[in-house]
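Numbering (this note's numbering), first residue to last: 1 to 82.
Backbone N, C-alpha and C fix where the C-beta goes; we use that ideal spot for every residue, glycine too.
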Amino acid sequence: MSGIVDQVLNGVVKGALSEILTKTGIRKTRRARRTKSTGSLAGGIVGSVLEAAINAAIKPKPAKKQVSKRRTAAARSRQRYR
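As structure tokens, then:
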């Protein structure tokens with residue numbers, strides 16, 4: 001009888017340990033590789049100025065429309081009491 005109990009206990013412990021060990025394994029996530037920049041004109045301020053000039057020559061963006069923003073009721077009441 002004690003032999004059967006020992007076998008059952010050993011089986012349960014062995015199964016639990018194997019399950020714990022498989023779940024605690026280190027999983028590596030894939031990292032995205034950085035791509036090398038393709039021949040920029042120059043770094044720093046000169047590069048940014050040149051890039052801005054080139055982009056402006058290609059296609060200028062339309063001006064943004066100005067939007068008036070209404071104050072909230074709380075902001076208006078605060079302004080009233082100042």
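Sub-9 Å separation of residue i and residue j beta-carbons
i	j	result
R70	Q79	no
Residue i - containing alpha helix (DSSP H), residue span
i	result
R78	73-80
V67	Here V67 belongs to no alpha helix (DSSP H), and DSSP marks it neither H nor E.
A32	First-last for A32: undefined, no H or E at that position.
Residues of its chain near residue i, where Cβ-Cβ distance is below 7 Å and the 5 sequence neighbours each way are ignored
i	result
N10	none
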